[in-house]
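Shown next as structure tokens:
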């Protein structure tokens with residue numbers, strides 16, 4: 001049985017609060033509103049002989065692009081086509097006697113060029129943008145048209161503005177309240193140890209944290225429970241810039257089911273029928289929706305704020321752990337985002353645990369990063385947690401022993417039952433901020449919230465199993481794990497072959513400095529911004545998760561277009577961890593860590 005309600009080793013999601021809060025866990029010129037169409041340039045060669053003026057015909061050369069209609073009128077050139085049986089005429093020219101002569105401008109059909117006859121000196125004329133009003137067949141002079149010599153004016157069509165949400169739209173199912181809102185109302189039933197209701201406040205962030213010890217910045221800090229991600233994610237989605245009510249436009253479809261809050265009510269002391277009931281109701285509801293039928297749910301995703309093992313019951317025995325939400329045939333098509341994913345299955349993806357920091361602006365993030373760069377480090381390494389004496393293979397006891405033996409190089413925060421030290425976020429963050437390295441061994445499962453708290457504090461995480469981060473959070477963390485972390489194989493610690501202090505001391509200072517900077521750069525990627533605000537240029541864990549889902553759904557669509565089955569990956573499912581991280585299935589040095597698929 002997996003017991004997951006622990007905070008650094010205590011069987012409780014309670015996170016303490018200080019200051020009196022009780023811990024509870026471009027553009028063409030227009031004329032008369034119309035755009036110009038273009039100009040006709042006219043060349044003229046005049047010959048005087050015996051005071052007689054002769055005009056040599058010259059053809060006009062159109063220099064224009066055809067524009068579209070505007071305001072319901074067809075745009076026309078200055079040499080317009082016949083209207084009502086009358087040929088259009090040129091502007092009047094003035095002879096010496098002051099008598100106004102009008103010369104018609106004949107047109108030729110079938111696309112031949114126009115011929116201009118005019119005894120007066122001709123000029124390049126501007127285009128006429130409206131059908132002229134005529135009197136007795138004579139066209140009035142456009143007094144407002146501009147005259148330009150030796151210039152050509154071209155109409156350039158403006159390209160339509162690109163849709164900033166193209167390829168990013170999300171459609172959100174409007175689920176019945178029993179799948180989300182009602183669960184919040186029933187918050188007192190969510191834990192057998194603690195009242196979870198305070199953690200439902202502030203859009204799932206929990207109560208604000210005081211700063212009596214000066215550990216935090218002035219804004220954005222909350223006593224966030226590690227299992228409330230689904231509430232935070234749903235509220236963040238309500239602020240997403242590219243929501244749509246048209247599912248046919250959507251790149252992915254979000255199912256706001258609070259799966260973690262549902263199952264936690266029934267993990268202890270309930271039969272499988274009770275544990276499975278809400279999940280089965282959800283699948284029945286989804287299958288009846290037209291959106292589901294398009295791709296059989298392959299474009300759907302949900303976020304569960306607990307580890308994958310709470311939803312992967314393998315048998316129908318009441319003694320087996322969790323429900324079977326992730327093993328149902330329908331949900332296997334969906335993308336399931338969880339705080340810890342399975343290395344051996346392809347339909348769930350690891351996303352960061354929520355931390356205590358939920359900024360409302362980019363500047364809050366930058367200020368915190370700069371503060372962590374200036375932070376003084378008193379300890380070489382530290383550990384916050386408790387031993388696991390009843391867990392075979394746990395190395396926590398050895399880690400605690402080595403920490404105590406290192407004297408002033410290691411700081412230990414005891415999280416044994418009965419102590420409240422680890423319940424206070426300020427205690428945990430203060431220690432991590434003061435340490436160069438933070439030890440993150442497995443607990444009840446591979447992952448720990450503590451790993452993200454350490455990154456938030458600018459502390460380099462030390463892992464003892466690749467399942468604790470490297471094969472989990474591939475959307476968020478560098479694939480080259482040596483850039484930001486240290487891996488000490490747990491077997492070496494268990495067998496007493498390594499000394500943690502010695503290994504860490506041998507890392508060159510320049511390398512440590514580079515690793516620490518890499519960790520600080522990771523901070524925006526592992527935090528969730530306050531759902532009631534919106535960051536401007538920074539992508540947080542929510543943004544990265546949505547992008548990851550869209551990329552996965554796009555691949556499914558691409559596979560289907562190209563005749564490949566999206567349900568038959570090019571690898572054995574048991575090797576999901578290896579293919580996801582390295583793109584290969586061959587032998588790897590970490591194979592011995594993953595010998596027992598669940």
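In the UniProt record's numbering, the protein residues as written are 1 to 598. Virtual Cβ for every residue (Gly too), placed ideally from N, Cα, C.
Assign residue i to one of three DSSP states: helix, strand, or coil.
| i | result |
| --- | --- |
| residue 384 | strand |
| residue 163 | coil |
| residue 515 | helix |
| residue 459 | coil |
| residue 481 | helix |
| residue 585 | coil |
| residue 338 | strand |
| residue 350 | strand |
| residue 520 | helix |
| residue 306 | strand |
| residue 300 | strand |
| residue 215 | coil |
| residue 368 | helix |
| residue 325 | helix |
| residue 535 | coil |
| residue 277 | helix |
| residue 294 | helix |
| residue 376 | coil |
| residue 222 | strand |
| residue 175 | coil |
Sorted by chain position, which residues of the same chain lie with C-beta nearer than 6 angstroms to residue i's C-beta, five sequence neighbours on each side aside?
| i | result |
| --- | --- |
| residue 247 | 171, 291 |
| residue 454 | 432, 438, 461 |
| residue 397 | 387 |
| residue 278 | 262 |
| residue 500 | 402 |
| residue 253 | 171, 291, 299, 300 |
| residue 215 | 426, 429, 430 |
| residue 249 | 169 |
On the DSSP letters alone, give me the boundaries of the alpha helix (DSSP H) that residue i sits inside.
| i | result |
| --- | --- |
| residue 358 | It is not in any alpha helix (DSSP H) - residue 358 carries neither H nor E in the DSSP assignment. |
| residue 546 | 541-561 |
| residue 236 | 229-237 |
| residue 203 | 201-204 |
| residue 190 | It is not in any alpha helix (DSSP H) - residue 190 carries neither H nor E in the DSSP assignment. |
| residue 185 | 181-185 |
| residue 262 | 259-264 |
Could you check the C-alpha separation between residue i and residue j for me, to the nearest Å?
| i | j | result |
| --- | --- | --- |
| residue 232 | residue 206 | 10 angstroms |
| residue 222 | residue 209 | 5 angstroms |
| residue 537 | residue 417 | 43 angstroms |
| residue 544 | residue 476 | 7 angstroms |
| residue 194 | residue 201 | 15 angstroms |
| residue 240 | residue 423 | 33 angstroms |
| residue 586 | residue 574 | 13 angstroms |
| residue 517 | residue 373 | 7 angstroms |
| residue 357 | residue 204 | 13 angstroms |
| residue 380 | residue 505 | 8 angstroms |
| residue 534 | residue 237 | 11 angstroms |
| residue 407 | residue 226 | 31 angstroms |
| residue 197 | residue 584 | 46 angstroms |
| residue 559 | residue 565 | 6 angstroms |
| residue 321 | residue 550 | 31 angstroms |
| residue 524 | residue 469 | 17 angstroms |
| residue 428 | residue 384 | 7 angstroms |
| residue 255 | residue 302 | 5 angstroms |
| residue 285 | residue 251 | 21 angstroms |
| residue 260 | residue 158 | 51 angstroms |
| residue 481 | residue 389 | 30 angstroms |
| residue 552 | residue 496 | 43 angstroms |
I believe residue i touches residue j by the beta-carbon criterion, under 8 angstroms. Please report the beta-carbon distance rounded to the nearest angstrom.
| i | j | result |
| --- | --- | --- |
| residue 326 | residue 308 | 7 angstroms |
| residue 350 | residue 472 | 4 angstroms |
| residue 333 | residue 257 | With a Cβ gap of about 15 angstroms, residue 333 and residue 257 do not count as contacting. |
| residue 323 | residue 275 | 4 angstroms |
Excluding sequence positions up to five away, which residues of its chain have a Cβ less than 8 angstroms from the Cβ of residue i?
| i | result |
| --- | --- |
| residue 588 | 578, 582 |
| residue 382 | 403, 410, 411, 412, 413, 431, 432, 434, 435, 437, 438, 439, 459 |
Any heavy atom of the ligand FMN closer than 7 angstroms to the CB of residue i?
| i | result |
| --- | --- |
| residue 453 | The ligand FMN is absent from the structure shown, which contains no ligands of any kind. |
Looking at the secondary structure, which residues open and close the beta strand (DSSP E) in which residue i lies?
| i | result |
| --- | --- |
| residue 403 | Looking at the DSSP string, residue 403 is not in any beta strand (DSSP E); the run it does join, the alpha helix (DSSP H), is 396-405. |
| residue 440 | 435-440 |
| residue 172 | 170-172 |
| residue 529 | Looking at the DSSP string, residue 529 is not in any beta strand (DSSP E), and its letter there is neither H nor E. |
| residue 253 | 252-254 |
Can you find the residues in the same chain that come closer than 7 angstroms, C-beta to C-beta, to residue i, ignoring five residues on each side of it along the sequence?
| i | result |
| --- | --- |
| residue 498 | 488, 492 |
| residue 367 | 217 |
| residue 220 | 357, 358, 359, 360, 364, 530 |
So that I know if they touch, is there some Cβ in chain B lying closer than 8 angstroms to that of residue i?
| i | result |
| --- | --- |
| residue 349 | Note that chain B does not occur in the displayed structure, where there is just one protein chain. |
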